[in-house]
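Scroll down for the structure; my scribbles are underneath it.
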Amino acid sequence: MRLRELLTEVQDRIDQLVEGRDRLDGLVEAMLVVTAGLDLDVTLRTIGHTAIQLGGGAPGATRLRQRVDQAIGQFAGAGLHATSQFVGPLSVVDATLADHAEAVVREAVSNAVRHADATELTVRDTVADDLCIEVADNGRGIDGSITESGLHNLRTRADDAAGIFTVGGRAGGGTLLRWCAPLP
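Take 1 as the starting number for the sequence shown in full-length UniProt numbering and just add one per residue.
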């Protein structure tokens, strides 16, 4: 009788192992499907990013991302760690507004390096109903005795584009510059 019980126990264990293996096979299949979907998503994003980098936009496109990155890149060797973020459909920004945006970024980054002794800087371009550029640095902040020629130019550009311009200190130190203008 003991032998029969042992054989039954062994058979039960074998059945459990087979059942577990079948579940594992199903799990592996599900993981492969999810992974394939993720790979496709990554591939599509890579293709889109590559198309943008190659200038695959419409004829006459502003190439705002490249222009802003070049404006920031001018100061790359100046002890500044800069990052840029782009949110929204940059392709809807027309050439005139892109010219303003490039000048705003160039002036803001220049000020952070030359006057504020900043070592960290973030440029964020957001496109929604308007184009907003925010430049935040970790420098000395805005001093009340500054010469405002560059900042005056940014205010004038904002006025010309029916937009707004603000600049001030950041919580924790540094400066936050914000320039926004409506899309045409």
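Idealized CB from N, CA, C, for every residue including glycine. Bear in mind the structure is a predicted one, so any value in this text is a computation, not a measurement.
**Asked** Taking just the CA atoms, how far does Ala71 sit from Asn153?
**Response** Start at 1 with the first residue of the sequence shown, and residue 153 comes out as number 153. Start at 1 with the first residue of the sequence shown, and residue 71 comes out as number 71. A direct Cα-Cα distance of roughly 16 Å separates Asn153 from Ala71.
**Prompt:** Leaving out five residues before and five after Ala61 in sequence, what residues of the same chain have Cβ atoms less than 7 Å from its Cβ?
**Reply:** Against the sequence shown, residue 61 aligns to sequence position 61. With a pLDDT of 46 at Ala61, under the threshold of 50, the modelled position of this residue cannot be trusted, and the question is left open.
**Item:** Runs of alpha helix (DSSP H) wholly within the region 61–138 (minimum 4 residues, chain order)
**Value:** 64–73, 95–114, all fully within the region 61–138.
**Request:** List the endpoints of the continuous beta strand (DSSP E) containing Ala158.
**Result:** Along the sequence shown, one-based indexing puts residue 158 at 158. From DSSP, Ala158 is part of no beta strand (DSSP E) but of the alpha helix (DSSP H) over 149–160.
**Prompt:** Between Ala116 and Arg140, which are expected to be in contact by the criterion C-beta below 8 Å, what is the C-beta distance as a whole number of angstroms?
**Reply:** Indexing the sequence shown from 1 puts residue 116 at position 116. Indexing the sequence shown from 1 puts residue 140 at position 140. Yes, Ala116 and Arg140 are in contact; Cβ-Cβ is about 5 Å, under 8 Å.
**Buried versus exposed, by CB contacts within 10 Å (16 or more), Ala76** = Residue numbering aside, residue 76 sits at position 76 when the sequence shown is read from its first letter. Result: exposed.
**Prompt:** Is it buried or exposed for Val10, if we count other Cβ within 10 angstroms and need 16 for buried?
**Reply:** The residue given as residue 10 occupies position 10 in the sequence shown. That one is exposed.
**Message:** Here's the rule: buried if 16 or more other CB atoms are within 10 angstroms of the residue's CB, otherwise exposed. What is Pro59?
**Reply:** Locating residue 59 in the sequence shown gives position 59, counting from the first residue. With a pLDDT of only 44 at Pro59, under 50, the local geometry of the prediction cannot be trusted, and no value is derived from it.
**Prompt:** In its own chain, which residues sit with a C-beta less than 6 Å from the C-beta of His81, not counting the 5 before and 5 after it?
**Reply:** Counting from one through the sequence shown, the residue named residue 81 turns up at place 81. Around His81: Glu120.
**Own chain, CB closer than 6 Å to Pro184, minus 5 neighbours either side, in chain order** = Here residue 184 is taken as the residue at index 184 of the sequence shown, counted from 1. Exclusion of the five residues before and after Pro184 leaves Asp94 as the residues of its chain whose Cβ lies within less than 6 Å of its Cβ.
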